[in-house]
Structure formats: C-alpha cells, structure tokens
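Reminder that position 175 of the sequence shown reads as 175 in the UniProt record's numbering, one-by-one numbering, no gaps.
Working notes, beginning with the structure itself.
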Amino acid sequence: MRDGELDIDAPLVERLVARQFPAWAELPVTRLRSSGTENAMFRLGPELVVRLPRHPGAVADVTHERDWLPRLGPGLPVAVPEPVGSGEPDGGFPWPWSVYRWLDGANPVAGAVAEPEQLAKELGMFVAALRRTPAMDAPRSHRGAPLAGQDESTREALAQLAGRIDTAGATARWERALTAPVHTGPPVWAHADLSPGNVLVTGGGRLSAVIDFGCAGVGDPAVDLIAAWNLLPASARGVFRDAVGADDAEWARGRGWALSVALVQLPYYWRTNPVLAQNARHTIGEVLAERV
1 MRDGELDIDA PLVERLVARQ FPAWAELPVT RLRSSGTENA MFRLGPELVV
51 RLPRHPGAVA DVTHERDWLP RLGPGLPVAV PEPVGSGEPD GGFPWPWSVY
101 RWLDGANPVA GAVAEPEQLA KELGMFVAAL RRTPAMDAPR SHRGAPLAGQ
151 DESTREALAQ LAGRIDTAGA TARWERALTA PVHTGPPVWA HADLSPGNVL
201 VTGGGRLSAV IDFGCAGVGD PAVDLIAAWN LLPASARGVF RDAVGADDAE
251 WARGRGWALS VALVQLPYYW RTNPVLAQNA RHTIGEVLAE RV
C-alpha cells in the first residue's frame, strides 16, 4: 500500500522476540488480520500483542506512543494500549517496535452498530476526557491544524474521484465546511484517527478500548468528531455531540474533517484496501445525506 513497506511475517517476529525478550520466546506468534495501513500486528500468546511499523513513515509513531500512552491512559474512561516491551532494531528488522498488553474486543462495523446510542455516548465521553488532559508540552497533531490546510489534498482527491462519486455534492459540502469559524481556543488533546478500525467494542456493543494513538496530539479538537460520520448512524449523532459538548462551528469543522479524510482515502485505497475504501464510501454517503 505504501512505498518502502516491509514484508513482515511470523518467523521474523519469533526471531525478534526470542532475541530481545527471551522470557516470551516460547509463546506462539500469530498474525492478526487488520485493515490498518501503518503497522503489522501479531498476537503473542494469550496476553500480548506485537506491533511493528510497516514502512518508514510509521516509525516515529512507535516512540510517540511509548512516550504518551502511559501519561494519557490513566485519565481515560476506557482501556488504551499499554506498552510492556520496547523492541529495538535488529538484524532482520531496521526499526523500533513494541509489545503491548492484549485488549479484548472487536471493531464495530459502520452501518451495523449494535447499540448506537450507547456507543455514541461512550465515544463522546472518551473524547471529552481526552480533551481534559493537560496539554502542556504535548506534541501537535498534524490533523489538529486548521481545516483549510486540507484543501489542496481534498480537491486533488475530488478530481481523482470524478465519475465515481457525487463530486459536485461533495465539493459543495467541502466548501461549506471551509467557511466554518476556525478554532480560537487553546489547543487540546485529540486522538485524531477515530475510525472504526481504532475502536474496540464488546459483544454487547459497549466501548471497550480505543487503540492506535500514532496521530494523537494537540490542536483543533474538531478532528475527533469524525466518528459521527465514519461510524455512528445519524440517529445517534446528537448523543455523541452532546457528550462531547461541540458547538455549531466545531461540528461543521468535524464534518469537514470526516469528508476530507474519506475523500483522500478513497482513491488511494480503492484497490489496495477494500475495508478502508468501503468505509470512505460510507462516510462520504453519510455526509452527503445530511441536511445542513
């Protein structure tokens, strides 16, 4: 899916673990199927998971998560990844990698959420709690910048999607989002990638964990509203908005972020990642279906 992507398999992970964490050397290693684009994931025994960057652009996220997850986790109402082992570059692998505690749960499917209002409330409470985290010395999120910074990439994606989606409708919605007042408050924490693949729910549909904090940082928190369109049905969006406490301007920017992310993803992953491409189509459809 990306330039410079490595071929990572279970035998490689077994060798890395055996050399750097001999206490876990006898644990079975099983690759996990995932629509993620940044990391390869391997189950290590019943209680651990190994996460390795797949391409050069994902390497910085390894140390980012090691540094910030232990500080963010205690203040959040649901589980987040807990680093328990810091792997280093080795003969068969050139970058740092991590071992985490295993988190039970499954990714919800947009359009088939079991308990949408409950999930909307719990996701909103997560976002609100993350925003309360002290932002002093926090890194900036590349998705925390003003929405106008996405204009070039969004319009390039619209051009690539001509004839494949309602580009006239999407362009009109995008241009309307750009007119929303910019964030004028202090920068606050945002996860910045609240997609279905980074949300875990229990069998009953309750939120059990939020994963992948590689994009997390401070800036305009409207980016965390993308879950309202890429995951939640229209009937539950008000519950989510109320739990977060978003005003009209922030909600409009959040809708813009959801649309931009989906538009940029769709042509890029059209053939290489069917799960992400389908969610992008779903998100675009949800934004276009709204009466704003």
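Where a beta carbon is used, it is the ideal one built from N, C-alpha and C, also for glycine.
Contact holds between the region 135 to 146 and the region 209 to 220, because three or more Cβ pairs, one in each stretch, are under 8 Å apart. Per DSSP, VAL127 is not a residue of any beta strand (DSSP E); the alpha helix (DSSP H) it occupies stretches across 116 to 131.
Under the DSSP assignment, THR63 falls in the alpha helix (DSSP H) whose first and last residues are 59 to 72. DSSP assignment within the region 161 to 242 yields the following whole beta strand (DSSP E) runs of 3 residues or more, N-terminal first: 188 to 190, 199 to 201, 207 to 210 and 217 to 219. In this structure, VAL62 sits away from TRP24, with a CB-CB distance that is not shorter than 8 Å. The residues ALA110 and PRO196, in chain order, have a CB closer than 6 Å to that of LEU231 in the same chain once the five nearest residues on each side in sequence are set aside.
Around the beta carbon of ARG101, fewer than 16 other beta carbons sit within 10 angstroms, so the residue counts as exposed. Residue state for ARG253 is assigned as helix, using DSSP reduced to three classes. In this structure MET41 is in contact with LEU32, their Cβ atoms being roughly 4 Å apart against a cut-off of 8 Å. Looking from the CA of ILE8, the closest CA among GLU152, GLU26 and HIS55 belongs to HIS55. In the DSSP assignment, the residues bridged to TRP97 are GLY87. In this structure the region 201 to 209 lies against the region 119 to 138, because at least three pairs of beta carbons, one per stretch, are closer than 8 Å.
For the pair GLU14 and GLY87, the Cα-to-Cα distance works out to about 12 Å. In chain order, VAL127, ALA190, HIS191 and LEU194 place their CB closer than 6 Å to the CB of ASP224, counting only its own chain and leaving out the 5 sequence neighbours on each side. Of all C-beta pairs linking the region 204 to 212 to the region 280 to 291, fewer than three are shorter than 8 Å, placing the two stretches out of contact. The Cβ atoms of PHE240 and ALA252 lie no closer than 8 Å to each other.
Counting along the chain, THR283 sits inside the alpha helix (DSSP H) bounded by residues 274 to 289.
Around PRO89, the same chain offers TRP95 and PRO96 as residues with beta carbons nearer than 7 Å, after the five sequence neighbours per side are excluded. Setting aside the 5 residues that flank it on each side, ALA236 is surrounded in the same chain by PRO116, GLU117 and ALA120, each with a C-beta closer than 6 Å to its C-beta; the list follows chain order. The continuous stretches of alpha helix (DSSP H) do not include ARG143, and DSSP gives it neither H nor E. One alpha carbon belongs to GLY238, the other to ASP247, and they sit about 12 Å apart.
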